[in-house]
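> Attaching a single structure in structure tokens format; questions to follow.
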Amino acid sequence: MNKKTIIRTFEKIALYMELLGENHFKVSAFRKAANVLELDPRSLSEMDDILTLKGIGKGTGAVITDLLEKGESDLQKELEEEVPKGLIPLLKVPGLGGKRIAKLREAIGIDSVESLRAACAAGEVSKLPGFGKKTEENLLNEIDILGTRQGKFPIWQMEKVVTFLETELQKITEIKHFSVAGSYRRTKEESSDVDFIIVTDEPSIVREKLLQSLPLLATIAAGDSKLSVTLDLEEAIDADFRFVKDEQFASAIHHFTGSKDHNVRMRQLAKSKGMKISEYGVESEDGSIITFETEEQFYAHFDLPFIPPSLRMDGREIDRTDEIAGLVDLEDIKGDFHMHTTWSDGAYSIREMVDACRVKGYSHLVITDHTQYLKVANGLTPERLRDQIAEIRSLNEEYDDIEIFCGTEMDILPDATLDFDDDLLKELDFVIASIHSSFSQSQEQIMERLHSAISNPNVDMIAHPTGRIIGQREGYNPDVPQLIEWAKEYGKILELNASPYRLDLMTEQLIMAQEAGVHIAINTDAHAIDQLKYMKTGVNYAKKAWLKKETVVNTWPLDKFIREIVRK
DNA sequence: GCCGTTTTCGGCCCGACTGTTTTCAGTCG
């Protein structure tokens with residue numbers, strides 16, 4: 001028996017109870033119990049007090065005892081026998097919750113999506129008390145588009161949706177300003193929908209303009225304070241727009257940025273001080289509503305520093321606010337050490353990339369094009385690299401406000417050799433090594449390749465260490481704890497690749513690396529000027545792992561970068 | 001089902017929208 005099994009059992013029990021239309025406080029009691037175990041850092045064998053944890057009571061405790069003694073839970077078995085499996089997908093149908101599903105099942109024996117579709121088509125549903133013609137129509141429509149709605153969308157896909165919506169919102173003159181909220185604002189790797197807070201005095205006009213201009217698959221709700229739709233883009237994706245007045249903006253964006261757990265903690269904190277948080281402001285005991293100009297002021301009202309959105313996770317961040325000031329911030333970033341130019345597969349010249357970095361106010365940067373093995377990316381031969389070095393050195397003479405370093409993103413070949421020899425590498429200021437091929441090798445072979453690179457004295461950093469593409473491919477499955485150990489041993493940097501396609505290393509691994517005392521570089525891996533903006537994504541993501549300024553080498557001033565890395 | 005310094009009952013975060021009602025339940029985030 002392990003903790004995960006207990007957690008999953010609680011979640012299943014909650015799901016079945018929900019389908020039975022049980023009291024939702026009872027349902028959430030099981031979910032809360034699962035959450036309590038999830039948040040506890042100890043393993044099952046280290047927990048001698050599991051039955052006395054806050055959130056574990058008589059009912060949930062009995063389930064744990066069952067699982068520990070018999071390996072299975074009587075309650076779960078009972079529920080499984082009672083609830084038809086076909087009901088579970090019904091919870092995914094918008095408009096259907098536990099109560100209605102229980103009613104449908106009791107009254108007309110609905111036990112699956114298909115039987116519901118048939119009952120709707122036959123007009124049986126609209127005859128039930130509490131259901132009407134409209135509900136029946138909506139259910140049929142929702143069942144039809146059920147398959148087209150994906151569960152989660154990776155952040156790089158969300159970014160395109162957000163950019164599209166921002167363009168549309170900018171066209172509406174009745175909108176004073178707006179901001180994306182929700183899990184996208186928290187830099188979550190995947191989101192299920194997109195949320196916008198819109199400040200306007202004319203919500204109904206804005207609503208109508210959006211309904212006209214957006215490509216829609218369905219309108220879920222359209223009122224004066226919110227519009228909720230399913231967009232007809234490459235994928236069917238839900239979007240929520242909240243209309244608020246100027247003075248409500250700070251509270252609204254906090255509320256709709258979440259996370260849910262973060263908000264619950266904030267509301268508990270408010271309650272303990274005799275106040276009440278809503279999306280429109282904070283209500284005092286005397287009933288007066290306080291509003292705020294900024295989220296900073298909102299937090300300050302509760303004696304908290306601003307908690308960056310990407311830190312708003314399971315609620316425990318509220319206990320760690322004294323650490324926030326020491327975390328890496330976009331303002332601390334002094335350079336980007338991984339980018340491509342037209343010399344390999346980038347879209348802009350060295351000069352264009354450098355000028356874009358000057359606009360960002362960086363004091364230094366490294367040009368790191370691909371190497372010869374990567375033919376598809378027009379990788380550089382030793383000769384072309386030497387030509388590039390000459391161009392960079394001469395370009396560097398022209399600028400006195402930024403230092404351009406010569407680097408490379410060198411392939412680690414499938415046979416664990418490196419794409420350039422040591423003599424050439426020694427001519428460079430900064431050497432990145434990375435894997436772009438033979439992902440399906442055994443972990444042993446992958447680790448042999450990584451070791452060959454990381455132990456080479458000329459290599460400074462391993463880029464995108466796992467090779468994952470969020471939501472698309474797993475990567476090459478390296479033994480990351482081992483890699484971190486080597487990075488420590490050889491004094492090498494590991495990358496947090498800030499491309500929204502990658503975000504690699506990922507949060508747990510970054511936490512582990514920082515704990516081991518390994519330095520991290522946040523790099524955009526930009527192949528175009530526009531992609532330099534991903535530094536912000538990377539920094540936000542780094543905060544999720546509570547990376548401190550001193551852990552991140554991009555925060556080091558130029559002289560320290562030269563001393564510790566270039567001339568090392 | 002869980003909890004408790006207003007403690008063994010009554011509240012649990014709170015408010016918007018919809019579709020069904022004729023004052024509100026259910027769902028959602």
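For the first sequence, position 146 (counting from the first letter as 1) is numbered 146 according to the UniProt record's numbering, and the numbering increases by one without interruption.
For every residue, glycine included, the Cβ atom is placed at its ideal position computed from N, Cα and C.
#1: What do you reckon, are the CB atoms on residue 549 and residue 194 nearer than 8 angstroms?
#2: Identify which residue in 391, 68, 81, 506 has its Cα closest to the Cα of residue 19.
#3: What is the C-beta distance between residue 412 and residue 442, in whole angstroms, given that I count them as a contact (C-beta under 8 angstroms)?
#4: Can you find the residues in the same chain that come closer than 6 angstroms, C-beta to C-beta, to residue 154, ignoring five residues on each side of it along the sequence?
#5: Using CA atoms only, rank isn't needed, just tell me which of 21, 27, 3 is closest to residue 12.
#6: Going by DSSP, name the residue or residues bridged to residue 281.
#7: Do three or more CB pairs link the stretch 484–492 to the stretch 507–519 at distances below 8 angstroms?
#8: Grab me the residues of residue 38's own chain with a C-beta within less than 7 angstroms of its C-beta, minus the 5 sequence neighbours each way, in chain order.
#9: Apart from the five residues just before and just after residue 362, which ones in its own chain have a Cβ nearer than 7 angstroms to its Cβ?
#10: Pull up the distance between the alpha-carbon of residue 440 and that of residue 222, whole angstroms please.
#11: Per DSSP, what kind of secondary structure is residue 84 in: helix, strand or coil?
#12: In the structure shown, what three-state DSSP assignment does residue 436 receive?
#13: With which residues is residue 335 paired in a DSSP beta bridge?
#14: With H, G and I counted as helix, E and B as strand and the rest as coil, what does DSSP make of residue 452?
#15: So if DSSP puts residue 473 in a beta bridge, which residue, or which two residues, is it bridged to?
#16: Is the number of C-beta pairs between the stretch 170–180 and the stretch 513–532 that are closer than 8 angstroms three or more?
#17: Enumerate, from N- to C-terminal direction, the unbroken alpha helix (DSSP H) stretches of 4 or more residues contained entirely within the stretch 396–444.
#18: Keeping to the same chain, check which residues put their C-beta closer than 6 angstroms to that of residue 261; ignore five residues upstream and five downstream.
#19: Put residue 72 into one of helix, strand or coil per three-state DSSP.
#20: Would you mind reading off the limits of the alpha helix (DSSP H) that contains residue 180?
#21: Taking Cβ to Cβ, would you say residue 196 is nearer than 8 angstroms to residue 165?
#22: Our contact map puts residue 478 next to residue 450 with C-beta atoms below 8 angstroms; I'd like the distance itself, whole angstroms only.
#23: I want to know whether the stretch 196–207 touches the stretch 117–125 - three or more CB-CB distances under 8 angstroms.
#24: Could you say which of 290, 158, 181, 248 lies nearest to residue 234 if we only look at CA atoms?
#25: Inspect the CB distances between the stretch 305–314 and the stretch 340–352 and report whether three or more fall short of 8 angstroms.
#26: Write down the C-beta distance between residue 495 and residue 523 rounded to the nearest angstrom, noting that I regard them as a contact closer than 8 angstroms.
#27: Compute the beta-carbon to beta-carbon distance between residue 248 and residue 281, rounded to the nearest angstrom, for a pair I have assumed lies under 8 angstroms.
#28: Could you give the distance in angstroms between the alpha-carbon of residue 1 and the alpha-carbon of residue 71?
#29: Taking a contact to mean a Cβ-Cβ separation below 8 angstroms, would you say residue 87 touches residue 111 in this structure?
#30: Considering residue 513, what are the terminal residues of the beta strand (DSSP E) in which it resides?
#31: Alpha carbons only, please: which of 525, 46, 447, 229 is nearest the one belonging to residue 345?
#32: Which of the three DSSP states, helix, strand or coil, is assigned to residue 141?
#33: Using the C-alpha atoms, what's the distance from residue 231 back to residue 215?
#34: Check each candidate in 76, 3, 35 and name the one with the smallest Cα separation from residue 47.
#35: In three-state DSSP terms, what is residue 386?
#36: Less than 8 angstroms separating the beta-carbons of residue 257 and residue 326?
Result, derived from the coordinates:
#1: Numbered from 1 along the first sequence, position 549 holds the residue referred to as residue 549. Numbered from 1 along the first sequence, position 194 holds the residue referred to as residue 194. For the pair residue 549 and residue 194, the CB atoms are not nearer than the 8 angstroms cut-off.
#2: As a working note, residue 19 is residue 19 in the first sequence. Out of 391, 68, 81, 506, 81 has the C-alpha closest to the C-alpha of residue 19.
#3: Residue numbering aside, residue 412 sits at position 412 when the first sequence is read from its first letter. Residue numbering aside, residue 442 sits at position 442 when the first sequence is read from its first letter. That pair is no contact at about 15 angstroms.
#4: Numbered from 1 along the first sequence, position 154 holds the residue referred to as residue 154. Result list for residue 154: 190, 470, 471, in chain order.
#5: Counting from one through the first sequence, the residue named residue 12 turns up at place 12. Among 21, 27, 3, the Cα nearest to that of residue 12 belongs to 27.
#6: Within the first sequence, residue 281 is the residue found at index 281, counting from 1. Looking at the DSSP output, residue 281 shares a beta bridge with 278.
#7: At 8 angstroms Cβ cutoff, the stretches touch.
#8: Start at 1 with the first residue of the first sequence, and residue 38 comes out as number 38. Hits under 7 angstroms: 7.
#9: To locate residue 362, count along the first sequence from 1; it is residue 362. Counting only Cβ-Cβ distances below 7 angstroms, and skipping sequence neighbours, we find 334, 335, 336, 402.
#10: Indexing the first sequence from 1 puts residue 440 at position 440. Indexing the first sequence from 1 puts residue 222 at position 222. Rounded to the nearest angstrom, the two C-alpha atoms are 49 angstroms apart.
#11: Locating residue 84 in the first sequence gives position 84, counting from the first residue. Residue 84 falls in the coil class under three-state DSSP.
#12: For this step, residue 436 is matched to residue 436 along the first sequence. DSSP, read as helix, strand or coil, puts residue 436 in coil.
#13: Sequence index remark: in the first sequence, residue 335 carries index 335 (1-based). Residue pairing of residue 335 in beta bridges, as defined by DSSP: 364.
#14: Here residue 452 refers to the residue found at position 452 of the first sequence. If DSSP states are grouped into helix, strand and coil, residue 452 belongs with the helices.
#15: Indexing the first sequence from 1 puts residue 473 at position 473. Residue 473 is bridged to 469.
#16: Three or more Cβ pairs closer than 8 angstroms define a contact, and the stretch 170–180 falls short of that threshold against the stretch 513–532.
#17: For the stretch 396–444, whole alpha helix (DSSP H) runs of length 4 or above, ordered along the chain, are 422–426.
#18: In the first sequence, residue 261 corresponds to position 261, counting from 1. Excluding sequence neighbours, residue 261 sits near 314, 315.
#19: On the first sequence, residue 72 is found 72 positions in, with the first residue counted as 1. The three-state secondary structure of residue 72, taken from DSSP, is coil.
#20: As a first step, residue 180 must be located in the first sequence, where it is residue number 180. Here residue 180 belongs to no alpha helix (DSSP H); instead the beta strand (DSSP E) covers 175–180.
#21: Taking the first sequence and counting its residues from 1, the one referred to as residue 196 is at position 196. Taking the first sequence and counting its residues from 1, the one referred to as residue 165 is at position 165. It is a contact, given that the beta carbons lie within the stated cut-off.
#22: Taking the first residue of the first sequence as 1, we reach residue 478 at position 478. Taking the first residue of the first sequence as 1, we reach residue 450 at position 450. The Cβ separation is near 6 angstroms, so the contact holds.
#23: Judged by Cβ distances under 8 angstroms, the stretch 196–207 makes no contact with the stretch 117–125, as fewer than three pairs qualify.
#24: For this step, residue 234 is matched to residue 234 along the first sequence. Minimum Cα distance to residue 234 is reached at 158.
#25: Here the stretch 305–314 makes no contact with the stretch 340–352; the two share fewer than three CB pairs at distances below 8 angstroms.
#26: As a first step, residue 495 is located in the first sequence; it is residue number 495 there, counting from the start. As a first step, residue 523 is located in the first sequence; it is residue number 523 there, counting from the start. 6 angstroms between Cβ atoms; contact.
#27: The sequence position of residue 248 within the first sequence is 248, counting from 1. The sequence position of residue 281 within the first sequence is 281, counting from 1. Indeed they touch by this definition, with Cβ atoms about 7 angstroms apart.
#28: The count along the first sequence starts at 1 and reaches residue 1 at position 1. The count along the first sequence starts at 1 and reaches residue 71 at position 71. A direct Cα-to-Cα measurement between residue 1 and residue 71 gives close to 7 angstroms.
#29: As a working note, residue 87 is residue 87 in the first sequence. As a working note, residue 111 is residue 111 in the first sequence. Yes, the Cβ-Cβ distance between residue 87 and residue 111 is below 8 angstroms.
#30: In the first sequence, counting from the first residue as 1, residue 513 sits at position 513. Run containing residue 513: none in the beta strand (DSSP E); it sits in the alpha helix (DSSP H), 507–515.
#31: Counted from its first residue, the first sequence places residue 345 at position 345. Nearest Cα to residue 345 within the set 525, 46, 447, 229: 525.
#32: Along the first sequence, read from residue 1 onward, the residue named residue 141 stands at position 141. For residue 141, the secondary structure class from DSSP, reduced to helix, strand or coil, is helix.
#33: Mapped onto the first sequence, residue 215 falls at position 215. Mapped onto the first sequence, residue 231 falls at position 231. The straight-line gap from Cα to Cα measures roughly 6 angstroms.
#34: Taking the first sequence and counting its residues from 1, the one referred to as residue 47 is at position 47. The shortest CA-to-CA distance from residue 47 to any of 76, 3, 35 is the one to 3.
#35: Residue numbering aside, residue 386 sits at position 386 when the first sequence is read from its first letter. In this structure, DSSP gives residue 386 a helical state, which the three-state scheme calls helix.
#36: Taking the first residue of the first sequence as position 1, residue 257 is located at position 257. Taking the first residue of the first sequence as position 1, residue 326 is located at position 326. With respect to residue 326, residue 257 sits apart: the two C-beta atoms are not nearer than 8 angstroms.
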